[in-house]
Structures are given as structure tokens and as C-alpha cells.
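Participant: Can you keep this structure in mind? I'll have questions shortly.
There are 2 protein chains.
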Amino acid sequence: MKTITSRDNAQYKDLVKLAGSTQARRKAGRTLLDGVHLCQSYLQLRGLPEQCIVAEGALHNPEVMDIIGQLESQRAQVLALPDALYKAVSQVEHGVGLMFLIATPERSVTGPLSVSAVLLDNLQDPGNVGSILRSAAAAGITQVYCSAGTAFCWSPKVLRAAMGAHFVLDIVENVDLAALVSASNVMTVATSGYAKERLYDVDLSVPVAWVFGHEGQGVADDLLSITTRQVVIPHLGQIESLNVAACAAVCFFEQLRQSQPGA
Amino acid sequence: MKTITSRDNAQYKDLVKLAGSTQARRKAGRTLLDGVHLCQSYLQLRGLPEQCIVAEGALHNPEVMDIIGQLESQRAQVLALPDALYKAVSQVEHGVGLMFLIATPERSVTGPLSVSAVLLDNLQDPGNVGSILRSAAAAGITQVYCSAGTAFCWSPKVLRAAMGAHFVLDIVENVDLAALVSASNVMTVATSGYAKERLYDVDLSVPVAWVFGHEGQGVADDLLSITTRQVVIPHLGQIESLNVAACAAVCFFEQLRQSQPGA
Chain A
1 MKTITSRDNA QYKDLVKLAG STQARRKAGR TLLDGVHLCQ SYLQLRGLPE QCIVAEGALH
61 NPEVMDIIGQ LESQRAQVLA LPDALYKAVS QVEHGVGLMF LIATPERSVT GPLSVSAVLL
121 DNLQDPGNVG SILRSAAAAG ITQVYCSAGT AFCWSPKVLR AAMGAHFVLD IVENVDLAAL
181 VSASNVMTVA TSGYAKERLY DVDLSVPVAW VFGHEGQGVA DDLLSITTRQ VVIPHLGQIE
241 SLNVAACAAV CFFEQLRQSQ PGA
Chain B
1001 MKTITSRDNA QYKDLVKLAG STQARRKAGR TLLDGVHLCQ SYLQLRGLPE QCIVAEGALH
1061 NPEVMDIIGQ LESQRAQVLA LPDALYKAVS QVEHGVGLMF LIATPERSVT GPLSVSAVLL
1121 DNLQDPGNVG SILRSAAAAG ITQVYCSAGT AFCWSPKVLR AAMGAHFVLD IVENVDLAAL
1181 VSASNVMTVA TSGYAKERLY DVDLSVPVAW VFGHEGQGVA DDLLSITTRQ VVIPHLGQIE
1241 SLNVAACAAV CFFEQLRQSQ PGA
């Protein structure tokens, strides 16, 4: 275990920069996973991080020590920071004091859609994006494609909300969704408050590429118009719209329900 | 329209206090609705606010002027603030500059549960609480009961996430949920990752009181054990849990699906 005690250390300054800016993370192709749950999930599902960063005050925490033990037995890099220095890197207020520095997987579109997928068109809120990734992973959907305007998937807020879903998903960002939808080999389905067809009247026991849009404006019209189906989730109350992450969960699990034996 | 220009004005100081603290809002029995959408919904569904607060810079905005016109024609109080003073009250970063001061409805339990309802046990995250209120309202469920440990429903974050759902719901806070469940006249259903019965195998075409719990720990064991049914939403992926608001949406809309003609 290495220790840095000076704020002027170049490696430390890089970490602070990475922690503070989406642009720095995108540019470096690296991000930080904050907290025991995310780090454990990463270790289990993806393997060793580039580096583990631990606050000295966390070195007595049994969960943290267990993770560090695993890392050191595999000769992974562990960096200890005095609590004051650690705090300037962590985005989590009352965090336990453990982070992984990881390379963000760089993926690109490799061919036409051929299995179930999620397409995110200009989604703004990191919490919504994270919740959708988590629901998709829980429903067994592993392909995620995001338009350029969608929140950066490897930001701390999205990572926190997704609770480790990133590590079982293939996430492709900055995708031309219209091209992807046009060339899709599977049914593409968008939800829209203006659609006539009910979600429940569509046969979802086949692969589906789900398209969700901006929190306020929904899926862009040009994209909506080229999807195979536009469906509405029927409402009963006076409130006529759902949060987009709630809407996505209803869609994914209706697909899963229809796909199960005896449905 | 009245204008306050001094930060030392007593009424202004009260507003700043109310804006900055949940405790102040609970104590005063008042809260602030921030933004055109919430204010419009309130006007439409509940009527006049105690006071409307507008930033002088927003007085050229047509939506804002339309609302102020409606208020003044009904002799409601409108208070204009210089932009700098307004900013210290608003919690919304790039808001349009319009707020309503409203009394928070004080409701209490009036009898045993007899219609569909949502019971929130110790839910921490305001975004989750708001999303659940929004989904419930969209699914036509209007009764909401929160335990003492649940996030304050009339906080700005919950209000923002619920997008006006509050105004069609009856929300009761600080409720003894165990007593409510014990005396319920309708089926009480909690979701649990440990449950054996699938959500889809329960007849939900009847009134249901849904119980959702803490983001990390779920519904407390003592409460879970007295619910009529404990159900699981079947998963397919390696990620075995859903965000609680996503879970609630799946439940509410499965109930609505089963209740619809031809289901």
C-alpha cells in the first residue's frame, strides 16, 4: 500500500481533477467508483481496478479491509490517503472511504440490433439514467445505447443510482439512434403519451429495443416516427405521465412477464 | 402586487427560513412550490395559494404573467422580489422565477384502509418518494401513508419529483403503519426479494394496500410479517434488485393491468 500525504502530488492532483469533472473523466477514459457496494460488484463482475483509493480512517472497517486484502493478494495497486485528502476526491458525503479508479469501457456499435436493448434519447437526469440501467439489468436486458445528449453513464450519480448494473451491461454512448433504429433487426418500441396502442396489447415475448426520451419532451419526433410501434401505458388517475425511469421499469417487466412460462 | 426590496424585511426573512429548512416547513405547516408546472397544477387542482412570489426578472415571461393575471383577478396575494432576493429563496438553480407559498394539508388516519393505498415505511430518498407519489397518482391510487422515518413529502425535492401528484393525493405522514396494516379491510401486499410468491400470481383486481420499504433494508421485518401477501417481482438478470420507485411502478401498473377490461 502506497500513501500520498501532499496535496501537491501529481497523481493526487489527477484524482481530484477526475473526481470533479465529467469532461476530465470522458477525456481520461477513467472514472471513480465510490463506496463498498460498487467496488465489491466491480471486483466480482469485472475484476481488478486500475487502482484502489482508501481513506486512512477506513482502514479499520472490516468490509474495506476484506476488499483491500483481496486486492493486495492479487498485487493490485492500493493508495491510502489521509482523510482530509480523501474527502476532496470523494463525491459521497458520508462515504465509508473506499474508491476504485477504473477505465471506462469504450464500446461502439458493432452491427444491427439483434437482441433486446435500451435506447436512451437525450435523457438528462443521472438518477433516471442510473435507475433505467438497474431495471434493464434486473430484467435481463444487457445492451444499452445512448444518444450524445444523454447524461454520461460513467458519472458518479449514474453509477450510484445503477448500483452495479454497469458491470453486467454493454453500454455504448454517443450513438446515432436514428441509424440504429432504422437498421434494427428487432422490433423497436417507444412509449408516448399520444400513442393509441396499449403496451399490454403488443406481443412482447420477442426481443424488443425500447426507446425512451427526454424527461420533458419525450422521444424526439423524428426518432419516434421510425420506431416499429409507439405504445402508451394506460393511466387511470388525473396525473397523466410517469417518470421516465418508472415507465421503463413497467415496460421491461411487462416484457419479462409476457416472456415467462404460463404468461 | 407588493414588492419587498430589503433583506431585513420580516416577511422576506420568514420566506428564506422556510425555503432553507425542512424543520421550518414542518413547524410552519407551509411549503413552497417552485416553478410554473407545480404552480399551474396547484391552481388547477387545489385553487389559490396563500401567496405567490415572483422574481422581477420573470415578469416578462408569458406563462408567469398568465398565472399572475389569474391570481390578481381573484385578489390573491402576489409578492415581487428583486432577482437577487428571489434567488436566496428558490431552491431551483435555473428556475423561471415563480413560487407559491401554500399551507401543507394536515391529514390524519380517519379509519381502516378500505381502498387501494400506498404505505411508505422509512423511505429515505426524496426522489424515490416523489416518483412513487407520481406513479400512484397516474395509476389512480390516491391514499398515501408514510411512517415517521420517511422523507417529508412536502419538501422541494419530493414536490419536484412528483410533478403535481401531491394535489390529487391524500397524504398522511407520521403514521403507525403496523396499526394501519393490522386493521386493514383490504389486502396488504409488500414486495420482498425473499418472497416465494410472484407478483403476477396474485389477483390484483381488488383494492390493494402496497407496502414499500427503506432503499437498503426493505420493509421492516415486523411490518412485513403482518402483511397479507409478500411477493417478489421475478428477475432475469444478474442484478437482483430494483430501485424502490421502479418496483412500485411495476406493482401499481400490474394492478391496473389486471383491473382493466379484457385483462
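Sequences listed follow chains A and B, in order. Residues in the first sequence are numbered from 1 upward in steps of one, following this note's numbering. Residues in the second sequence are numbered from 1001 upward in steps of one, following this note's numbering. We put the beta carbon where it would ideally sit given N, CA and C, even for glycine. Computed from a prediction, not measured in an experiment: that's the story for all the values here.
Answer yes if the stretch 123-137 of chain A comes into contact with the stretch 179-198 of chain A, meaning at least three C-beta pairs across the two stretches below 8 Å, and no otherwise.
Facilitator: Contact fails: fewer than three Cβ-Cβ distances are below 8 Å.
Participant: Quick check on Gln143/A - is its C-beta less than 7 Å from some C-beta in chain B?
Facilitator: For Gln143/A, the answer is no, since every Cβ of chain B falls outside 7 Å of its Cβ.
Participant: For the stretch 237-250 of chain A, enumerate the residues whose C-beta is nearer than 8 Å to any C-beta of chain B, in chain order.
Facilitator: Listed in sequence order: Gly237, Gln238, Ile239, Glu240, Ser241, Leu242, Asn243, Ala245, Ala246, Cys247, Ala248, Ala249, Val250.
Participant: Nearest CA to the CA of Leu224/A: which residue from Val54/A, Phe167/A, Trp210/A?
Facilitator: The shortest C-alpha separation from Leu224/A is found at Trp210/A.
Participant: Could you check what DSSP says for Glu1254/B in three-state terms: helix, strand or coil?
Facilitator: Three-state result, Glu1254/B: helix.
Participant: Where does the unbroken beta strand (DSSP E) through Thr22/A begin, and where does it stop?
Facilitator: Run containing Thr22/A: none in the beta strand (DSSP E); it sits in the alpha helix (DSSP H), 22-28.
Participant: Any Cβ of chain B within less than 7 Å of the Cβ of His235/A?
Facilitator: It does: the Cβ of His235/A has a partner Cβ on chain B nearer than 7 Å.
Participant: Tell me which same chain residues have a C-beta within less than 6 Å of the C-beta of Met1187/B, skipping the five on either side of it?
Facilitator: Hits under 6 Å: Val1208, Thr1228.
Participant: Does DSSP put Cys1052/B in a helix, in a strand, or in coil?
Facilitator: Here Cys1052/B sits in strand by DSSP.
Participant: For a contact defined as C-beta to C-beta under 9 Å, what are the partners of Phe1152/B on chain A?
Facilitator: Neighbours of Phe1152/B on chain A: none; closest Cβ ~19 Å, over 9 Å.
Participant: What do you reckon, are the CB atoms on Leu177/A and Ala137/A nearer than 7 Å?
Facilitator: No.
Participant: Any idea which residues DSSP pairs His214/A with across the strands?
Facilitator: In the DSSP output, where bridge partners are listed per residue, His214/A has Gly218/A.
Participant: Suppose you measure from the CA of Leu113/A to the CA of Val181/A; what does that come to, to the nearest Å?
Facilitator: Distance between the alpha carbons of Leu113/A and Val181/A: 8 Å.
Participant: If you measure from the beta carbon of Ser1131/B to each beta carbon in chain A, is any gap under 7 Å?
Facilitator: Taking Cβ atoms only, chain A reaches closer than 7 Å to Ser1131/B, which makes this a yes.
Participant: Report the partner residues of Gln1143/B according to the DSSP bridge assignment.
Facilitator: DSSP lists Ala1117/B, Asp1170/B as partners of Gln1143/B.
Participant: Could you check what DSSP says for Met99/A in three-state terms: helix, strand or coil?
Facilitator: DSSP places Met99/A in strand when its eight states are reduced to three.
Participant: Could you name the residues of chain C that Val1168/B contacts, counting a contact when the two beta carbons are closer than 7 Å?
Facilitator: Looking for chain C here will not work: the only protein chains present are A and B.
Participant: Looking at chain A, which residues of the stretch 1181-1207 of chain B have a Cβ within less than 7 Å of any of its Cβ atoms?
Facilitator: Answer in chain order: Tyr1200.
Participant: List the residues that DSSP assigns as beta-bridge partners of Val264/A.
Facilitator: In the structure displayed, chain A extends from 1 to 263; residue 264/A sits before or after that span and is not available.
Participant: For Asp34/A, which three-state DSSP category applies?
Facilitator: Reduced to three states, the DSSP call for Asp34/A is strand.
Participant: Within 10 angstroms of its Cβ, does Gln255/A collect 16 or more other Cβ (buried), or is it exposed?
Facilitator: Under this definition Gln255/A is a buried residue.
Participant: State the start and end residues of the unbroken beta strand (DSSP E) segment that holds Leu1133/B.
Facilitator: Counting along the chain, Leu1133/B falls outside any beta strand (DSSP E), though it belongs to the alpha helix (DSSP H) covering 1126-1138.
Participant: Helix, strand or coil for Leu1177/B? Go by DSSP, reduced to three states.
Facilitator: Correct three-state label for Leu1177/B: helix.
Participant: Mind checking who Leu43/A pairs with in its DSSP beta bridge?
Facilitator: For Leu43/A, which the question treats as bridged, DSSP gives no partner whatsoever.
Participant: Identify whether Val16/A lies in helix, strand or coil by the three-state DSSP scheme.
Facilitator: In this structure, Val16/A counts as helix in the three-state DSSP scheme.
Participant: Between the C-alpha atoms of Arg26/A and Gln1143/B, what's the straight-line distance to the nearest angstrom?
Facilitator: Approximately 45 Å, taken between the alpha carbons.
Participant: Determine the chain B residues that contact Gln70/A at a beta-carbon separation under 8 Å, and present them in chain order.
Facilitator: Here the premise fails: no neighbours, minimum Cβ distance about 20 Å.
Participant: With H, G and I counted as helix, E and B as strand and the rest as coil, what does DSSP make of Ala80/A?
Facilitator: It is a strand residue.
Participant: Mind pulling the chain A residues with CB within less than 7 Å of Gly1140/B?
Facilitator: Going along chain A in sequence order, the residues near Gly1140/B (Cβ under 7 Å) are Leu236, Gly237.
Participant: Please tell me whether Gly973/B has its Cβ less than 7 Å away from any Cβ of chain A.
Facilitator: Residue coverage of chain B in this structure runs from 1001 to 1263, which leaves residue 973/B outside it and unanswerable.
Participant: Whole angstroms are fine: how far does the CA of Ala1161/B sit from the CA of Ala220/A?
Facilitator: Approximately 22 Å between the Cα atoms of the pair.
Participant: Apart from the five residues just before and just after Val250/A, which ones in its own chain have a Cβ nearer than 8 Å to its Cβ?
Facilitator: So the qualifying residues of the chain are Leu199, Ile233, Leu242.
Participant: Are three or more beta carbon pairs between the stretch 76-86 of chain A and the stretch 17-34 of chain A nearer than 8 Å?
Facilitator: Touching, no, given that fewer than three Cβ pairs across the two stretches are closer than 8 Å.
Participant: Ordered along the chain, which non-local residues of its own chain (more than five positions away) have a Cβ less than 7 Å from that of Ser184/A?
Facilitator: Once the five neighbours on either side are set aside, the close Cβ partners of Ser184/A are Pro112, Leu113, Ala209.
Participant: Under 7 Å between beta-carbons, which chain B residues line up against Arg257/A? List them in chain order, please.
Facilitator: Correct list: Tyr1200.
Participant: Verify whether the separation of the beta carbon atoms of Arg134/A and Met163/A is less than 7 Å.
Facilitator: Cβ atoms of Arg134/A and Met163/A: closer than 7 Å.
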